[in-house]
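Here the sequence shown is numbered in the numbering used here, starting from 3 and rising by one per residue.
Where a beta carbon is used, it is the ideal one built from N, C-alpha and C, also for glycine.
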Amino acid sequence: MPAAPDPLALRDLAVRAAHEAGAFLLEHLPGERSVTTKSSDTDVVTEVDRASEALLLARLLGERPEDGILGEEGTSRAGTSGVRWVVDPLDGTVNYLYRIPAFAVSVAAEVDRISVAGCVFDPSRGETFAAALGHGATRNGVPIAPSAVTDPRQALVGTGFGYETAVRERQGAVVARVLPRVRDIRRGGSAALDLCWVACGRLDAYFERGVQAWDVAAGGLIVREAGGLAGPLGAAT
């Protein structure tokens with residue numbers, strides 16, 4: 003049988019891949035937007051998203067060709083090694099389109115559908131959040147921990163919204179119920195980054211319905227390895 007994968011080695015590979023893709027995103031930031039070019043701007047961002055995913059796959063499979071892949075841009079393959087990479091080449095696409103510096107590259111390695119290593123790279127701030135199962139979580143190599151806030155009235159809470167009107171209406175109703183019970187709510191636009199901000203104490207909590215595996219595979223691990231709780235809404239964590 004092949005040796006069990008080393009979470010630290012997988013984490014380091016995730017960091018290298020995320021850094022390459024993040025540098026690419028910064029090099030290809032969209033120009034100034036205008037109403038008449040909205041559709042073409044979106045097309046440009048879509049191409050950047052796909053190119054960023056291609057960079058990630060080239061790095062990951064170049065070093066580990068037997069691994070599986072699940073990508074936000076549609077790439078999927080089973081692999082034979084027992085390791086599956088779950089990647090989001092550009093989390094925070096709308097922020098990127100508007101040149102708002104709140105987007106990230108998210109790379110996670112799973113074994114038996116459990117994240118064992120991950121990296122979320124924020125190229126705008128130069129911040130690398132990383133974790134390996136059983137080895138804690140770091141920001142730029144320095145260990146991190148979530149806030150100690152336990153009173154919801156003192157909690158700064160992050161959230162996110164979907165794109166469909168009906169979904170947004172339901173999410174808005176939830177926010178209306180939560181807002182009076184917490185200090186305030188923030189909507190950053192990148193689930194992966196928001197989770198990392200929970201992990202390092204910038205946010206006290208984060209909730210969102212409808213997230214995909216690539217949104218949370220790395221960020222959720224980083225929260226847990228930092229000492230926080232992360233899991234499906236309503237589930238025991």
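Residue pairing by DSSP places R188 opposite G160 in a beta bridge. In chain order, E68, D69, G70 and I71 place their CB closer than 8 Å to the CB of G81, counting only its own chain and leaving out the 5 sequence neighbours on each side. Taking a 10 Å sphere around the C-beta of Q214, we find fewer than 16 other C-beta atoms and assign the residue as exposed. Taking a C-beta distance under 9 Å as the contact criterion, D51 and L195 do not qualify as a contact pair. Counting only runs that start and end inside the segment 43 to 118, the beta strand (DSSP E) elements of at least 3 residues fall at 70 to 73, 85 to 93 and 106 to 113. Along the length of the segment 168 to 226, whole alpha helix (DSSP H) runs at least 4 residues long occupy 193 to 201, reported in chain order.
Its Cα nearest to that of R86, the residue W216 stands out among G24, L57, W216 and A25.
In the structure shown, the three-state DSSP call for P148 is coil. Secondary structure of E166 (DSSP, three-state): coil.
The C-beta of R179 has fewer than 16 other C-beta atoms within 10 Å across all chains shown, which makes the residue exposed. The continuous stretches of beta strand (DSSP E) do not include A11, which lies in the alpha helix (DSSP H) extending over residues P9 to E29. Taking the Cα positions, V151 is about 14 Å away from W199. Residue environment analysis places P9 among the buried positions, since at least 16 neighbouring C-beta atoms fall within 10 angstroms of its C-beta. Under the three-state reduction of DSSP output, R127 falls in the coil class, being neither helix nor strand.
A139 sits in a strand when the DSSP states are folded into three classes. A distance below 6 Å between beta-carbons, with the five flanking residues on each side excluded, links A134 to the following residues of its chain, in chain order: P9, L10, R13 and A119. The alpha carbon of G162 has as its nearest neighbour, out of A201, T48, G143 and F209, the alpha carbon of F209. By the CB criterion at 9 Å, P103 and R141 fall outside the cutoff.
Beta-bridge annotation (DSSP): G120 is paired with A110 and A133.
In terms of Cα proximity to S192, the closest of A56, P91 and E75 is P91. Each residue's CA atom was taken as its position, placing V144 and H137 some 12 Å apart. A228 sits in a helix when the DSSP states are folded into three classes.
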